[in-house]
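Below is one structure; the comments refer to it alone.
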Amino acid sequence: MSDLLRAPAEIKYAEELDWLESVDDNPKPFSWRLSPKMIRLFILGSERADGLDREISQKWFGDRSIVERAIVTLASDRGLLLIGDPGTGKSWLAELLAAAVCRNSTLVVQGTAGTTEDHIKYSWNVSMVIAKGQSRESMIPSPIMTAMETGVIGRFEELTRSTSDVQDALISILSEKYISVPELDSDNIVFAKPGFSVIATANSRDRGVNDLSSALKRRFNFVRIPVVTNKKSEAEIVRFRTEELLRRHQIELDVPPTLLDVLLQSFADLRASAAAAGSDDEKLESALSTAEQIGVLEDAILHGNFFGERTLTARTLASSLVGSLARREPEDLAILNKYLHGVVEPRSKEEGGSWPEFLEGGRDTIATLS
Numbered sequence: 016m017s018d019l020l021r022a023p024a025e026i027k028y029a030e031e032l033d034w035l036e037s038v039d040d041n042p043k044p045f046s047w048r049l050s051p052k053m054i055r056l057f058i059l060g061s062e063r064a065d066g067l068d069r070e071i072s073q074k075w076f077g078d079r080s081i082v083e084r085a086i087v088t089l090a091s092d093r094g095l096l097l098i099g100d101p102g103t104g105k106s107w108l109a110e111l112l113a114a115a116v117c118r119n120s121t122l123v124v125q126g127t128a129g130t131t132e133d134h135i136k137y138s139w140n141v142s143m144v145i146a147k148g149q150s151r152e153s154m155i156p157s158p159i160m161t162a163m164e165t166g167v168i169g170r171f172e173e174l175t176r177s178t179s180d181v182q183d184a185l186i187s188i189l190s191e192k193y194i195s196v197p198e199l200d201s202d203n204i205v206f207a208k209p210g211f212s213v214i215a216t217a218n219s220r221d222r223g224v225n226d227l228s229s230a231l232k233r234r235f236n237f238v239r240i241p242v243v244t245n246k247k248s249e250a251e252i253v254r255f256r257t258e259e260l261l262r263r264h265q266i267e268l269d270v271p272p273t274l275l276d277v278l279l280q281s282f283a284d285l286r287a288s289a290a291a292a293g294s295d296d297e298k299l300e301s302a303l304s305t306a307e308q309i310g311v312l313e314d315a316i317l318h319g320n321f322f323g324e325r326t327l328t329a330r331t332l333a334s335s336l337v338g339s340l341a342r343r344e345p346e347d348l349a350i351l352n353k354y355l356h357g358v359v360e361p362r363s364k365e366e367g368g369s370w371p372e373f374l375e376g377g378r379d380t381i382a383t384l385s
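This is the structure we're talking about:
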């Protein structure tokens, strides 16, 4: 695993999955590797009441009922659509579910404006077609077709970014559970095996880009992933992801709780400001998601490790926050400057602590970028 830039969940947590499978005596749907109860435990982590001989780490931080609804949906004939704002952990939950159900989370189609039917059905190896003609051997199955043939989970990221033609092709797959290959005279239907399902994700901010048809909506069970608003839960998510980063880079560095509080409070302030804004020009372009908080902290940690004194400082954190969130010039810089003067400056005088240094770092970065 050390030679992979980012190991998929089934490799990263292979030991846990193997152990859970070895002790799992609960009923399993289809050919699932783990039972629904063990999948929930794998994702949300173990508790003392579970009576296990080892601790299972929590990997996704959210409401228990969301995970349970997602698992139940995958055991039915309907596809699962995880929908929510950017950075709410939709893709990560989809990956964990696929890893726990079938130990393969890599059968993924990425939805974009350039995604075609070939990406969810099949294409052809042109050189083999020229040499031997069209056959099953010269056909290149899509990740979705491979999932159908093997009875596992296929994933479709950013479904609403794909065109209506692609979405319509997915309707027949979800309803009929087979794909026809009219170019072949025989062996020209690929049937889905038991256990096949599709987990799709959709960004709620993409509403109006390529809205789902009512027919496609009926084929999915919608599970909405809310934005994390609880400060404690958000701190756990940021801390969990940061520890992963430190392990991956083999960095020995502690994130001071005071600086984590500064980061969380800054995002809370900026979200409140965005909610009170009268127009989009008065809001940061950033979604201010938990994922972006993690990105800010990651940037600050790496900068401090490589160019600083191998420690995380409030100045570096402020510089990373401004650098990461200032995407429009001069609008975003003006919004951040207003925040520093109107909120951070009074707080630094009243509370002290890390805030004065954070204020100074933010001001210096804005001056550099302006």
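Here our numbering is used: the sequence shown runs in plain steps of one and ends on residue 385. C-beta: ideal position from N, C-alpha, C; glycine also.
Nonlocal neighbours in the same chain, by C-beta distance under 6 Å from residue i, ignoring five residues either side
{"i": "L340", "result": "L299 and S301"}
{"i": "K208", "result": "G166"}
{"i": "V358", "result": "D284"}
{"i": "S138", "result": "I155"}
{"i": "F45", "result": "P209 and G210"}
{"i": "L231", "result": "Q182 and I186"}
{"i": "L189", "result": "G94 and R234"}
{"i": "S61", "result": "L67, E70 and I71"}
{"i": "S248", "result": "F76"}
{"i": "I309", "result": "V253 and R256"}
{"i": "L174", "result": "G126, A215 and A217"}
Residues near residue i in its chain [Cβ-Cβ closer than 8 Å; skip 5 each side]
{"i": "D7", "result": "Summary: the structure shown does not reach residue 7, with the chain confined to residues 16 through 385, and so no result is reported for it."}
{"i": "L32", "result": "E25, R48, L49, F57, A114, A115 and R118"}
{"i": "A184", "result": "E132, I135 and K136"}
{"i": "R220", "result": "D100, P101 and A302"}
{"i": "W370", "result": "V277, A329, V359, R362 and S363"}
{"i": "K246", "result": "L279 and A283"}
{"i": "D226", "result": "T175"}
{"i": "H264", "result": "L317 and N320"}
Cβ-Cβ distance between residue i and residue j below 8 Å
{"i": "V181", "j": "T216", "result": "no"}
{"i": "W75", "j": "L59", "result": "yes"}
{"i": "G319", "j": "T305", "result": "no"}
{"i": "V196", "j": "M154", "result": "yes"}
{"i": "I54", "j": "I81", "result": "no"}
{"i": "L374", "j": "E360", "result": "yes"}
{"i": "I186", "j": "R234", "result": "yes"}
{"i": "R63", "j": "A128", "result": "no"}
{"i": "L348", "j": "G377", "result": "no"}
{"i": "I168", "j": "I214", "result": "yes"}
{"i": "G368", "j": "T273", "result": "yes"}
{"i": "G66", "j": "G104", "result": "no"}
{"i": "L122", "j": "R170", "result": "yes"}
Residue i - partner residues in DSSP beta bridges
{"i": "Y193", "result": "F206"}
{"i": "P156", "result": "Y137"}
{"i": "E172", "result": "Q125"}
{"i": "A217", "result": "I98"}
{"i": "R236", "result": "Checking the sequence, you will find Asn at residue 236 rather than Arg. DSSP lists L95 as partners of N236."}
{"i": "S212", "result": "I168"}
Supposed contact pair residue j and residue i - C-beta distance, whole angstroms, cut 8 Å
{"i": "T380", "j": "A333", "result": "7 Å"}
{"i": "L89", "j": "S212", "result": "5 Å"}
{"i": "V253", "j": "L327", "result": "About 13 Å separates the two Cβ atoms, so there is no contact after all."}
{"i": "V242", "j": "D100", "result": "5 Å"}
{"i": "G126", "j": "E172", "result": "6 Å"}
{"i": "E191", "j": "Q149", "result": "Not a contact, Cβ separation roughly 22 Å."}
{"i": "E6", "j": "V205", "result": "Since the first residue shown for the chain is 16 and the last is 385, residue 6 is missing from the structure and cannot be characterised."}
{"i": "L268", "j": "I194", "result": "Not quite, the Cβ-Cβ distance comes to about 50 Å (not below 8 Å), so this is no contact."}
Beta-carbon proximity list for residue i, same chain, < 7 Å, skipping 5 on both sides
{"i": "R342", "result": "E300 and S301"}
{"i": "A250", "result": "L275 and L279"}
{"i": "R69", "result": "W34"}
{"i": "D202", "result": "R151"}
{"i": "Q73", "result": "L59 and G60"}
{"i": "S106", "result": "E172 and T216"}
{"i": "G323", "result": "T331"}
Cβ-heavy atom distance, residue i to the ligand NAD, below 7 Å
{"i": "L260", "result": "Summarising the ligand content, the structure contains no ligands, and the ligand NAD is consequently not present."}
Inter-stretch contact at 8 Å, needing at least 3 Cβ pairs: the region 231-248 / the region 82-101: yes
The region 289-298 in contact with the region 256-269 per 3-pair CB rule at 8 Å: no
Inter-stretch contact at 8 Å, needing at least 3 Cβ pairs: the region 153-163 / the region 32-46: The answer is no - the region 32-46 does not touch the region 153-163, with fewer than three Cβ pairs under 8 Å.
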